[in-house]
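Participant: Just so we're aligned, residue -8 is where the sequence shown starts under the numbering used here, counting upward by one. In this text, a Cβ means the ideal position worked out from N, Cα and C, and glycines have one as well. Since we're looking at a predicted model, the values are computed, not measured. Sharing a structure with you now.
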Amino acid sequence: MEIMSGNVLIIISFLFFMFIFAGVGLASIRVKKDTTDDYLVAGRGMHPALAALSAVSTWNSGYMFIGAIGFTYMMGYNIIWMAIMSMMGQILAWAWLYKFIQKEGRDRGVRSLSSLVAEKAGAPEAKLAAVLSVLFLSIYAAAQLTSGGKALLVMMGWPELVGILIGFVLVVAYCYAGGIRASIWTDAVQSCVMIVGSLILCWIALGDVGGFSGLNAGLESQDPALTNIMPPNLIFGLSLWAFAFFLGGLAVAGQPQVVSRVMTLGSDKDRKEAMLWFFVWQTPFLILMTFIGLASRVIFSENDFDPELGLPMLAMDTMPAIGVGMILASIFAATMSTADSQVLACTAAITDDIKPEWRDDHKTTKKVTLFVAAFATAISVAGLYVPGGDSVFALVVLAVYGLGGVFVPLLIIRWAGYKPDTTHSISMMVAAFAGVIGWTIILPIMGISWSGADGIFPSVPGMGAAFAVHFWLCWKREESVDNPFGRYSIPTKKFTTIGAVILLAFVGGMEGSYQVFAPDSASNADKVAAYEVRGDVSFHEIVSGSEYIEDGASIDVGAFVDEEGEFSELNIVGVRLTIGHGPDDETQQGVGCALADGPQDDTVEYAYAHNEENFSNVADAELLNVYVEWYNASIVNNIVDGLSMLEIEEMLDGEGNGFGQHDMTLGVEVETGGGLGCQSNDDGEEVSYSIELISLEYEITGV
-8 MEIMSGNVLI IISFLFFMFI FAGVGLASIR VKKDTTDDYL VAGRGMHPAL AALSAVSTWN
52 SGYMFIGAIG FTYMMGYNII WMAIMSMMGQ ILAWAWLYKF IQKEGRDRGV RSLSSLVAEK
112 AGAPEAKLAA VLSVLFLSIY AAAQLTSGGK ALLVMMGWPE LVGILIGFVL VVAYCYAGGI
172 RASIWTDAVQ SCVMIVGSLI LCWIALGDVG GFSGLNAGLE SQDPALTNIM PPNLIFGLSL
232 WAFAFFLGGL AVAGQPQVVS RVMTLGSDKD RKEAMLWFFV WQTPFLILMT FIGLASRVIF
292 SENDFDPELG LPMLAMDTMP AIGVGMILAS IFAATMSTAD SQVLACTAAI TDDIKPEWRD
352 DHKTTKKVTL FVAAFATAIS VAGLYVPGGD SVFALVVLAV YGLGGVFVPL LIIRWAGYKP
412 DTTHSISMMV AAFAGVIGWT IILPIMGISW SGADGIFPSV PGMGAAFAVH FWLCWKREES
472 VDNPFGRYSI PTKKFTTIGA VILLAFVGGM EGSYQVFAPD SASNADKVAA YEVRGDVSFH
532 EIVSGSEYIE DGASIDVGAF VDEEGEFSEL NIVGVRLTIG HGPDDETQQG VGCALADGPQ
592 DDTVEYAYAH NEENFSNVAD AELLNVYVEW YNASIVNNIV DGLSMLEIEE MLDGEGNGFG
652 QHDMTLGVEV ETGGGLGCQS NDDGEEVSYS IELISLEYEI TGV
């Protein structure tokens, strides 16, 4: 009864706050105008504080509540690199690129980011930019719907699918109620509730783990690497790893749903005021979310715990029912409002660039909105049935860095005064798209995992590919302007040399510090968790042949495997013996053979000896493979839970067992048929044989 009453209070609290958020959004109907311009950019007259608070909510939302909490749970203290570097990138975007975006948008009267990267709306490059916007923004919106589904799953016990479908209904309602104005008004209220709820939850969580000292001790006891600001085992070093987060922050200038907030501002003064509001509000929110993520790691240390459920589970465990309902409503409403912003941004891209004839058709614009919302919902639902497809963090990373790679390089060169033509612009966008998709999806399919927490996030290959194509076209293509820096002069050799020296010194300092202070890679090896084991076996012949063995006789074959020889670098985990003998060559003659027993199979016996292995048996098939293995083959290409990496390695390492002498003895006992009036003749058997070493290459990764 007590549990039921608690659930009822959660539902009542949840509905109360949801009605407040929905009421604010619906109230925008009173001031809206039935024009497409008001629907998509609120007539460019939004108050800076409202636009900024909306940008905070839209930029963070489900990603911060669900995805970033999960990433903090996994990374520990070194999450500070993402927070600081991303913040630096965002500051640069607000101070520099947003100024350019706002001015261009106002002067040219464009309402979509895809129109800004072309000379005119509806140009081929604008159409491609719009298509890529719709693709990545739909993935981004799907991440928001998934966030809401996960929150309802944990806090209400409802299936994720139900939460996603409820989110679809709310997104459409927000969009139809008042367009972007409804979204901004709702976001502003949500930002206030989000920071209040986060403050309360953080306070309770820190008290639950014993304050800052208890938090540190709890993380240290789980894994010393969690309390080191240097991440372990980086594939490409610290510099590129951190730089990827900086570009991720700069990628905020390539997010149509955030840029649309900037486009609602009337003047540059409004932009500066909105920038101040944005960072004053976002900074404490990030700090609170970081501590909540770390506390959830201490409280929920089970091996099978989903890190992305940290915040809702923490609220369920530590807050009263009314607080749980408030947090749930904040998460759900924020994710839905963000999703509707992304759907509206897709709508603007479609009506302004893909089908510009719909630009001023308000009814058609709303139909496009419904289609995009349905498409995003389909992606979210499909993700439930794809391994890893319901990871909010993975979906957001793909979308944010995909959009950043497509738009930010073009915005930067246009800010510099470079006017790329259609071919130039399309080439840069295609390169960015290929870089992000190749790095995030294609390489993992090929078994190369460079985009995870120990690699480089796809902002580097995405933007890097776009800029590489830009410089190459300026150098090689006659139609492209030679100077890649637009109105700025090409740097002199002296300036370039000095810059390169400074950059190398900075990178060298960072990498040197990383080598000194990074946690030992072995620190994670004894952590009990869930791991994926991938492996491939290979066979290496050491002896083979074929001999005729007479009845009652035997032969000895063997080979010595030197641990300093050609197989010294292999992880030898077993041996395969292959024994073959053809159809029996027994001959029969006599008048009684038709009624006598026919030719009989001879008996081929074998014995094998190597180190402590010593056994014998009968080869009862014409071709027999015998496997001698000293590793656990059942865990290869499987998920292993409840073991440490060291324990798994012990199960997969041959530990030198394959070296030394391998001996095999083969013998033949003739079996004959025949009978009265039927003489049989069989002197022996032709026997083929081989001994092969089995080697295993494997990779263990955390799940």
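Which residues in the same chain as Ser106 place their Cβ atom closer than 7 Å to its Cβ, once the five residues preceding and following it in sequence are excluded?
Facilitator: Ala112, Ala117, Asp343 and Asp344
Participant: Is the Cβ-Cβ distance between Gly245 and Gly80 less than 8 Å?
Facilitator: no
Participant: According to DSSP, simplified to helix, strand and coil, what is Leu568?
Facilitator: Strand, per DSSP.
Participant: Applying the 10 Å Cβ sphere with the 16-neighbour rule, what's the burial state of Cys337?
Facilitator: By the C-beta density criterion, Cys337 is buried, having at least 16 other C-beta atoms within 10 angstroms.
Participant: Can you tell which of Ala120, Val552 and Pro115 has the C-alpha that lies nearest to the C-alpha of Ser103?
Facilitator: Ala120
Participant: Rounded to whole angstroms, what is the Cα-Cα separation between Gly34 and Ser440?
Facilitator: Low per-residue confidence applies at Gly34: pLDDT is 46, beneath 50, and the placement is therefore not dependable, though the value from the model is reported in the following sentence. When rounded, the distance between both Cα atoms is 46 Å.
Participant: Rounding to the nearest angstrom, what Cα-Cα distance links Leu217 and Val122 in this structure?
Facilitator: 41 Å
Participant: Hey, is Ala142's beta-carbon within less than 8 Å of any beta-carbon in chain B?
Facilitator: The chain labelled as chain B is not found in the depicted structure, where only one protein chain is given.
Participant: Run through DSSP, which three-state label would Ser129 get?
Facilitator: helix
Participant: Going by the beta-carbon positions, is the gap between His653 and Ile682 smaller than 8 Å?
Facilitator: yes
Participant: Could you pull out every residue in the same chain whose Cβ sits closer than 6 Å to the Cβ of Phe56, ignoring the five residues on either side in sequence?
Facilitator: Listed in chain order, the non-local C-beta contacts of Phe56 below 6 Å within the same chain comprise Leu302 and Ile322, local neighbours out to five positions each way being set aside.
Participant: What does a CB cutoff of less than 6 Å around Phe462 pick up in its chain, not counting 5 residues either side in sequence?
Facilitator: Pro475
Participant: Look at the Cβ atom of Ala42, then the Cβ atom of Thr274, and state whether they are nearer than 8 Å.
Facilitator: no
Participant: Which residues mark the beginning and the end of the alpha helix (DSSP H) in which Met73 is found?
Facilitator: Ile70 to Leu83
Participant: On a CA-only basis, which of Leu44, Ser287 and Trp50 is nearest Ala330? Give me that one, please.
Facilitator: With distances taken between Cα atoms, Ala330 lies closest to Trp50.
Participant: Can you tell me whether Glu676 is buried or exposed? The criterion is at least 16 other CB atoms within 10 Å of its CB, across all chains shown.
Facilitator: Buried.
Participant: Ordered along the chain, which non-local residues of its own chain (more than five positions away) have a Cβ less than 6 Å from that of Thr692?
Facilitator: Glu523.
Participant: Counting C-beta neighbours from all protein chains within 10 Å, is the total for Phe486 16 or more, i.e. buried, or is it exposed?
Facilitator: exposed
Participant: Here's the rule I'm using: 16 or more other beta-carbon atoms within 10 Å means buried, otherwise exposed. How should Asn69 be labelled?
Facilitator: Classification of Asn69: buried, given that the 10 Å Cβ count is 16 or more.
Participant: Run the CB neighbour count on Phe448, radius 10 Å, all protein chains shown included, and call it buried at 16 or more, exposed below.
Facilitator: buried
Participant: So, helix, strand or coil for Ile691, using DSSP?
Facilitator: strand
Participant: Would you call the CB atoms of Val315 and Ser4 closer than 8 Å?
Facilitator: yes
Participant: Near Tyr689, what residues of its chain come up, given a Cβ to Cβ distance below 7 Å and the 5 sequence neighbours on each side ignored?
Facilitator: Val524, Arg525, Gly526, Val627 and Leu643
Participant: Tell me whether the beta-carbon of Ala109 lies closer than 8 Å to the beta-carbon of Ser418.
Facilitator: Taking 8 Å as the Cβ cut-off, Ala109 and Ser418 do not qualify as a contacting pair.
Participant: Tell me which same chain residues have a C-beta within less than 6 Å of the C-beta of Ala390, skipping the five on either side of it?
Facilitator: Phe127, Ile130 and Tyr131
Participant: To the nearest angstrom, report how far apart Pro150 and Leu143 are at their CA atoms.
Facilitator: 8 Å
Participant: Leaving aside the five residues before and after Thr431 along the sequence, list all residues of the same chain whose C-beta is less than 6 Å from its C-beta, in chain order.
Facilitator: Leu389, Ser442 and Pro449
Participant: Quick check on the burial criterion: 16 or more other C-beta atoms within 10 angstroms. Buried or exposed for Met437?
Facilitator: exposed
Participant: Which parts of the region 396 to 449 are runs of the beta strand (DSSP E), unbroken and 3 residues or longer, counting only runs that do not cross its ends?
Facilitator: none
Participant: Measuring CB atoms only, is the region 134 to 148 touching the region 56 to 65, in the sense that at least three cross pairs come out at less than 8 Å?
Facilitator: yes
Participant: Check whether the region 269 to 286 touches the region 356 to 364, taking contact to mean three or more Cβ pairs, one atom from each stretch, closer than 8 Å.
Facilitator: no
Participant: Closer than 6 Å by C-beta to Ile2: which residues in its own chain qualify, once you throw out the five before and the five after it? Chain order, please.
Facilitator: none
Participant: Can you give the Cα-Cα distance for Ile75 and Ala235, rounded to whole angstroms?
Facilitator: 12 Å
Participant: Which class does Met655 belong to by DSSP, given the choice of helix, strand or coil?
Facilitator: Strand, per DSSP.
Participant: Taking contact to mean 3 or more Cβ pairs, one atom from each stretch, closer than 8 Å, check whether the region 489 to 507 and the region 200 to 215 are in contact.
Facilitator: no
Participant: Give the range of the alpha helix (DSSP H) segment to which Asn219 is assigned.
Facilitator: Neither: Asn219 is in no alpha helix (DSSP H) and is coded neither H nor E.
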